[in-house]
Each structure stands twice: as structure tokens, then as C-alpha cells.
Amino acid sequence: MTDGFVWTKLGKVFDPADHPGRDWMASFAQAPATLIRDDHVRVYFSTRPSPDENGQFKSYSAWVDLDRGDLTRVIRAADAPVLELGDTGTFDEFGTYPFSAIDTDEGVLACYAGWTRCESVPFDVAIGAAVSTDGGARFEKLGPGPIIGLSPDEPFVMSGPKLRRFGDTYYLFYIAGTKWLMHEGRAEPVYRIRMARSQDGRMWHKHGAHLIDTVVEEDEAQASPDVHYHDGRYHMFFCYRYSTDYRGHARGYRIGYAHSDDLITWHRNDALAGMHPSDDGWDSEMVSYPHVFTVDDTTYMAYLGNGVGREGFGLARLEARP
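Take 696 as the starting number for the sequence shown in the working numbering and just add one per residue.
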């Protein structure tokens, strides 16, 4: 037994700058999530082209394949986004971010966050779904609208979907906005971790309550809830930040941890997470958007560093559990 999860960082694995010739993938590799294949591990992420003449960004979902025998080696990258952006006025007109996929009998099912621009605040987000019949290279949306949209108790910023299946039930862990805070002339979103269930991956029933308590402040923002099952217990890694002034080192994203026996009641203990910013380098200011997966009996975490993935994502290998 240890005092927490023990990780060995393997370094930054993918940086869009190392793969030129894709104008739509100029920077950022955000919210990594995997599909395990026989000879490779496919990592989905969200990326951005350069801003337009008005300084506005779009975001696209893409993938890279890592060598299953050496996960620090990229063997191929997508030549085009996995999803088309939505038509004028749709919820995903300007971006898809994040993106999470699992294998099903009908193909690869994905849930993704689609965002649109707003006037009084920078953006709003809802959660859509798509299916791939070619093994996860390209996806077709289930329709032009979201599968999980706004509701009286979840009024905005429905994002961060992580799709899982435990037993015969699909689970979607996601975030929902609770408020916008105006700080120094800028609207900052606050969001909390939520959950929904489904029998078919298409019709969802919301749990309707926050899963994780706040710690650093009442308006703590939580993101990227990633749940896996091990040794009779559910484990959630996620990230959290202060509501304002979080783009620097001291108040930026950190990785937290909670466990549950029933997926409803969660016990948070961030001290067990074991992932912290490095002393220098690409992840010295923050660590965020964790995704935990197991390949050939070894467990890894994909995560983001400085600038919430502006320079790509990295990997860490699990050495010991508490």
C-alpha cells in the first residue's frame, strides 16, 4: 500500500506543431481519450486552426495512433477532422471539444461537446453523439441537435463528456454550468460534475445532482470526469480550478481523485491523485483533463499541461495504487 497513486511521467507524447500540413490542426491537443486496438492505441483529442481575422477560434476533433508496444511513439495522425462542424445556428457550429468514444455492436459510439458563440458570454455548449462504422476514423452525427442539452437545473455549458459502459448500462459523466462570474471585464464559467444513464447510448436519463464536492472554494470549477472500475470500486480522476485568475500557476488546473462503490456517492481525496505540475517544462504550470486507461496490464494516464493542452498531451504510467 502507498499513500496515493504513484505515477511516472513519460513526457509529452504529441504536439500538433510536430505534424505540419494540417491547417485545421495548428495548435492544441485537448481532452485526450482512447480506443484500444490490436497494434495501436487511438487517442482522440480536440485541436484548433489559427484564429481568424477577428481573433476567433474554431475547434475540431481528431486522433493520433500510438504504437501499442511503445506508447510514446506516434505512428499516424488523422488527415482530417473526425466530425464536420454543424450548420449555421446549430449547437456545434463553431467547435467540437471534448470527444469520447467506445466500441459497441453497432460501431464506435462517440459523445462530444459542441459549442457555439454567444454575445453576453463567450460561448455555450451542449452534448451531441455520433457513430463510426469504419473503426473510429470518421464519424456521422446522430442528428443536428444535442442528446443532452440545457434544462432548468443545468442551464448552460453542458460539456466534458466521458462515455463509459458498466455492465449493461451506459454512463455519461459530464459537466454542467452553474453560473457565469464577471471578473475584470471577462465572463468566467463555473461548472460541476454530473452523470446520466442510458440503455442504448442514445436516450439519456440525468442523475440530476452534483457528484463531487467543492474544495478550494465554493465556486470551484470541475472538469474531465474520467471513471474506471478496479478491484471492486469505481475510481474517478478529474481536474479542478479556481473560478478566477486560473490561467497562471497558483490557481490553475490540478488533478483530483474520488472513489465510489455505487457511482452515486463519491468520496473525494485529492491527496491520493498523485499527479502534480513538474518543476519545469511543458507541464510546470498546470496538469488537467486526465484520462486513465489500461493496455497489456499496465495503466496509464493521458493528460494536459500548460495552457490546457496548447502544446499537446502527455502520458504517465501507474506504478502503484493506494
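Where is the CB? At the ideal position from N, CA and C, for every residue including glycine. Note that the structure is predicted; figures quoted are calculated from it, not measured.
Spatial distance of residue i from residue j (CA atoms)
{"i": "Asp782", "j": "Arg928", "result": "42 angstroms"}
{"i": "Trp875", "j": "Leu1013", "result": "36 angstroms"}
{"i": "Ala775", "j": "Asp978", "result": "27 angstroms"}
{"i": "Cys934", "j": "Arg889", "result": "14 angstroms"}
{"i": "Ala891", "j": "Phe868", "result": "7 angstroms"}
{"i": "Tyr917", "j": "Asp698", "result": "At residue 917 the sequence reads Gln, which differs from the Tyr that was named. When rounded, the distance between both Cα atoms is 24 angstroms."}
{"i": "Glu748", "j": "Asp718", "result": "15 angstroms"}
{"i": "Gly896", "j": "Val885", "result": "27 angstroms"}
{"i": "Ala772", "j": "Gly831", "result": "13 angstroms"}
{"i": "Gly903", "j": "Ile822", "result": "16 angstroms"}
{"i": "Asp765", "j": "Val736", "result": "10 angstroms"}
{"i": "Gly1002", "j": "Arg949", "result": "12 angstroms"}
{"i": "Thr989", "j": "Asp713", "result": "26 angstroms"}
{"i": "Leu967", "j": "Met720", "result": "35 angstroms"}
{"i": "Cys806", "j": "Ile843", "result": "10 angstroms"}
{"i": "Met853", "j": "Asp760", "result": "28 angstroms"}
{"i": "Thr828", "j": "Met898", "result": "20 angstroms"}
{"i": "Gly817", "j": "Pro847", "result": "Sequence check: residue 817 is Pro here, not Gly. Spanning the two alpha carbons is a distance of roughly 21 angstroms."}
Simplified DSSP assignment, three categories, for residue i
{"i": "Gly1009", "result": "strand"}
{"i": "Val990", "result": "strand"}
{"i": "Gly790", "result": "strand"}
{"i": "Asp760", "result": "strand"}
{"i": "Leu766", "result": "strand"}
{"i": "Leu967", "result": "helix"}
{"i": "Asp798", "result": "strand"}
{"i": "Pro711", "result": "helix"}
{"i": "Val1003", "result": "helix"}
{"i": "Gln894", "result": "coil"}
{"i": "Glu748", "result": "coil"}
{"i": "Ala945", "result": "coil"}
{"i": "Met996", "result": "strand"}
Presumed contact (8 angstroms Cβ cut-off) between residue i and residue j, rounded CB distance
{"i": "Arg887", "j": "His905", "result": "4 angstroms"}
{"i": "Ala724", "j": "Pro744", "result": "Wrong, their Cβ atoms sit about 13 angstroms apart, outside the cutoff."}
{"i": "Pro839", "j": "Ser919", "result": "About 26 angstroms separates the two Cβ atoms, so there is no contact after all."}
{"i": "Phe794", "j": "Ser756", "result": "4 angstroms"}
Close-in-space but distant-in-sequence residues of the same chain around residue i (CB under 6 angstroms, 5 per side omitted)
{"i": "Thr864", "result": "Arg892"}
{"i": "Thr909", "result": "Glu915"}
{"i": "Cys813", "result": "Asp819"}
{"i": "Ala728", "result": "Tyr739, Ser795 and His986"}
Beta carbon of residue i nearer than 8 angstroms to that of residue j
{"i": "Gly1009", "j": "Glu980", "result": "no"}
{"i": "Glu1006", "j": "Lys707", "result": "yes"}
{"i": "Ala796", "j": "Leu858", "result": "yes"}
{"i": "Gly976", "j": "Asp965", "result": "no"}
{"i": "Pro841", "j": "Gly809", "result": "yes"}
{"i": "Ile870", "j": "Gly880", "result": "no"}
{"i": "His954", "j": "His930", "result": "yes"}
{"i": "Ser741", "j": "Thr791", "result": "yes"}
{"i": "Asp798", "j": "Leu730", "result": "yes"}
Same chain only: Cβ atoms within 8 angstroms of residue i, ignoring 5 sequence neighbours per side
{"i": "Asp733", "result": "Arg763"}
{"i": "Ala1015", "result": "Thr697, Phe700 and Val701"}
{"i": "Gln894", "result": "Asp863, Thr864 and Tyr865"}
{"i": "Ser815", "result": "Ala882"}
{"i": "Trp758", "result": "Arg737, Val738, Tyr739, Phe740, Ala772, Ala773, Val777, Gly831 and Ala832"}
Beta-carbon contacts of residue i that lie in its chain and below 7 angstroms, excluding the five residues immediately before and after
{"i": "Phe851", "result": "Asp819, Leu845 and Gly872"}
{"i": "Thr939", "result": "Leu876, His878 and Glu883"}
{"i": "His971", "result": "Val982"}
{"i": "Thr703", "result": "Ala1011, Arg1012 and Glu1014"}
Near the ligand COA: residue i beta-carbon under 7 angstroms from a heavy atom
{"i": "Val852", "result": "Absence of the ligand COA from the depicted structure is noted, as is the absence of any ligand whatsoever, leaving it without description."}
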